[in-house]
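Numbering (the working numbering) for the sequence shown: 758 to 810.
Positions of the beta carbon are idealized from the N, C-alpha and C atoms, including for glycine.
If you're wondering where the values come from, they're calculated on a predicted model, not measured in any experiment.
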Amino acid sequence: MHCMRVSLAYGSAGVGAVWGIEKAKAMLVEAGFRQVEVLDSPRPQNCIYVCRM
Numbered sequence: 758m759h760c761m762r763v764s765l766a767y768g769s770a771g772v773g774a775v776w777g778i779e780k781a782k783a784m785l786v787e788a789g790f791r792q793v794e795v796l797d798s799p800r801p802q803n804c805i806y807v808c809r810m
């Protein structure tokens with residue numbers, strides 16, 4: 758609960774821990790990465806993002 762409130766208070770997106778692959782990829786592209794690849798991780802609740810400029 759702390760991180761979300763602090764994020765919103767400082768004008769950040771406030772996406773929390775469950776922002777989803779689609780939102781993550783969109784934000785990474787918006788940040789300037791031209792190629793974003795999502796890899797499986799050893800744990801099903803995690804993703805590995807490979808981002809290239």
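Item	Value
Where the alpha helix (DSSP H) through Val793 begins and ends	Note, Val793: premise wrong, no alpha helix (DSSP H); beta strand (DSSP E) at Gln792 to Asp797.
Range covered by the alpha helix (DSSP H) that runs through Arg762	His759 to Ala766
Straight-line Cα distance separating Cys760 from Asp797	26 Å
Simplified DSSP assignment, three categories, for Val786	helix
Nearest candidate by alpha-carbon position, reference Val793, set Val807, Asn803, Glu787 and Lys780	Val807
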